[in-house]
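Following: one structure in structure tokens, then a few remarks.
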Amino acid sequence: MPPRTTDSSPERRDTDRPHPDQEPGRERSVPDPEAGAGTEARVGQAPHSTEDPNTGQGGDSADGTTESGGASADDTADPGVDPRVAAVRRAADGGRRWRAAQLAGCAALLAVALTGGAVAFGGAGGGNTGTGVDTVSAAGALTPGALARGDLDSGIVSLQKHLRTQPRDFGSWATLGVAYVEQARTKGDPSRYPQAERALKRSLELEPDNDQALAGRAALAAARHDFAGALEHADRALKQNPYNERALCSRVDALVELGRYDDAAEAARTADDRRPGVPVFTRYAYVHELRGDVRTARAVLERALGQADSPADVAYVATALGQLAWNQGEYKTALGHYARALAADEEYLPALEGRARAQAASGDRAAAVEGLERVVARFPLPGPLVALGELYEDRGADGDRAKAGDQYALVDAWTALARAGGVNADLDTAMAAADHGDKKEALRAARAEWNRRHSVHTADALAWALHVNGRDEEALPYARRATATGYRNAAFLYHRGLIERATGDDREARTHLKAALELNPGFSPLGAREARTALKELEGTR
């Protein structure tokens, strides 16, 4: 599955952080971590004023807008061309190999899926009284944790309503920005990121260097795959408030995605010392998983699941356990974890996707196809789109090749939309295009991403893009680097094995292809089949 960079697990209010002299007996997930010291957090609202923060003139209007063109609480879209239309136009101009009718069908699906994410951004009025709407407080409206525990769309409406009456509440602007980031991520709608950026900017205009908005900027940068920027904003937030949970977590995410694994491990230990809890535990586990320490990763996640006290926490952690089990080829165990996640939240998309992958690997292809169709019908993201396309190809029934082409075409449309929202989509492009698109574009994207960061995932993507372009001698060092940390990923081993075979190193090729199939024999419908074929041919030539 794709690398994990962000999560939707609830967090505590950062202004309620523990004081160092009040926590000597608390339990930690790691033995003897170093203690951290904190500073007093900024809480409350800025005083009401008619001055515009940009110009010193004008004023905040009743609906939260500013005369200087600042963010509005219910700001919904940038002017100009609809990004979905622009995405389709770019894709159509790119010389794709699929029929125009197929692309049109995919584009319509994308538009339908994203419409649901736009509904909540209209007016803040109406009769919606779902969870979170009536929990606004004068001191800060909704916290990100409350949003995650309740209904995100309703929470956003509630924040918009609050900011119409309290337009200088910098804390609520920061929370609204974070909520937009989360809505964009969970709904697969990157067009929401500009709204998040404007809300966070407004918060910082009202209260410069407030840690809530800086942490929100770190989360936004990570969501847009600007991990250097995420690290910078997280460090700035932590300078203001060393206990800001979102900033601590974003810092771990950024270091992981930059390939700075030793620094990420240290950041995870620091986060665990300062703010132990589900968001930190899951990151701590992932750092260990990337180093091949599956035992510790599993133990930490199981502890996190034991501490989970909300459906959102249970769904998130159980899904992380399912992904870990699936990576090890433990499909029955994975299905059990996904069942628990879906019992907590029957619509939790990562669990629905993970269950479908585990079903496919277990041989239940019909259930897998049905499950992935359900996922992509709501939010067509690259990972499940490619997985569904490969299942269609592997099944090979009448019309399946055209159906697979639809899925791969929609990846291109999503990528264009993501870029319009300020997202760096090069890794997604490289991974999808190498097998199912323009191979030269895959190499361009992989090189661009490698120039930005040196993670195991970017190393693997560049190795594979070089391989499909017939440049295996260049690919081999990157394939070795992708597997150097001990990360147990069957796709990485499969890629390395085929590259080694292409360079004439049959012995190493057999070793890594066999390791891939022993670790996770159902890692990919098409990849696993190719790995078995290649291994059989290698064994026949011994």
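Taking this note's numbering, the leading residue of the sequence shown gets 117, the next gets one more, and so forth. Heads up, the beta-carbon is just placed ideally off N, CA and C, and yes, glycines get one too.
- Secondary structure remark: continuous beta strand (DSSP E) runs of at least 3 residues inside the segment 343 to 395: none found.
- Look at Glu469 here: in three-state DSSP terms it is helix.
- From the listed residues Arg407, Gln356, Val394, His349, the smallest Cα separation to Arg376 is found for Arg407.
- In the same chain as Trp289, and ignoring 5 residues on each side of it, the C-beta atoms closer than 6 Å to its own belong to Ala315, Arg318, Ser319, in chain order.
- Within its own chain, the residues whose Cβ lies closer than 7 Å to the Cβ of Leu559, once the five positions on either side in sequence are excluded, are Ala581, Leu582, Asn585, listed in chain order.
- Looking at the backbone, the Cα of Asp409 and that of Tyr603 are separated by about 8 Å.
- Judged by DSSP in its simplified three-state form, His404 adopts helix.
- Put simply, of Ala482, Arg481, Gly479, Ala441 the residue whose alpha carbon is nearest the alpha carbon of Ala467 is Ala441.
- For Glu463, there is no enclosing alpha helix (DSSP H), as DSSP gives it neither H nor E.
- For Arg569, the three-state secondary structure derived from DSSP is coil.
- Under the DSSP assignment, Phe286 falls in the alpha helix (DSSP H) whose first and last residues are 286 to 302.
- When the beta-carbon positions are compared, Asn540 and Asp342 come within less than 9 Å of each other.
- Gly452 and Gln282 have their C-alpha atoms some 46 Å from each other.
- Under the criterion of beta carbons closer than 8 Å, Gly613 and Leu629 qualify as touching, at roughly 4 Å.
- By the CB criterion at 9 Å, Pro637 and Ala476 fall outside the cutoff.
- By the beta-carbon neighbour count (other beta carbons within 10 angstroms, threshold 16), Asp429 is buried.
- Nearest C-alpha to Ser426 among Arg456, Val403, Glu348: Arg456.
- Judged by DSSP secondary structure, Thr601 falls outside any alpha helix (DSSP H); it is assigned neither H nor E.
- Inter-segment contact for the segment 332 to 351 and the segment 519 to 533 is absent: fewer than three beta-carbon pairs are separated by less than 8 Å.
- Contact between Tyr296 and Arg284 is absent: CB atoms are separated by about 19 Å, not below the 8 Å threshold.
- The segment 352 to 367 and the segment 550 to 558 do not touch, with fewer than three beta-carbon pairs separated by less than 8 Å.
- With contacts defined by Cβ atoms closer than 9 Å, Gln423 and Phe397 form a contacting pair.
- Residue environment for Pro324: exposed (fewer than 16 other C-beta atoms within 10 angstroms of its C-beta).
- Within a 10 Å sphere around the beta-carbon of Lys652 sit fewer than 16 other beta-carbons, which makes this residue exposed.
- Membership of Thr649 in the alpha helix (DSSP H) is indicated by the continuous run 641 to 656.
- Between Leu374 and Ala344, the C-beta spacing is below 9 Å.
- Buried is the label assigned to Gly304, since at least 16 other Cβ atoms lie within 10 Å of its Cβ.
- If only complete runs of 4 or more residues are kept, the segment 486 to 563 shows the alpha helix (DSSP H) at 498 to 511, 516 to 536, 542 to 552, in order along the chain.
- Pro283 carries a coil assignment under DSSP once its states are collapsed to helix, strand and coil.
- Taking all protein chains in view, the Cβ of Gly656 is surrounded by fewer than 16 other Cβ atoms within 10 Å, so the residue is classified as exposed.
- Straight-line spacing of the CA atoms in Arg473 and Ala484 works out to 6 Å.
- Burial state of Ala482 is exposed, judged by a 10 Å Cβ sphere holding fewer than 16 other Cβ atoms.
- Here His453 carries a helix assignment [DSSP, helix/strand/coil].
- Taking C-beta separations shorter than 6 Å and ignoring five residues to either side along the sequence, the partners of Asp542 in its chain run Ala561, Ala564, Glu565, following chain order.
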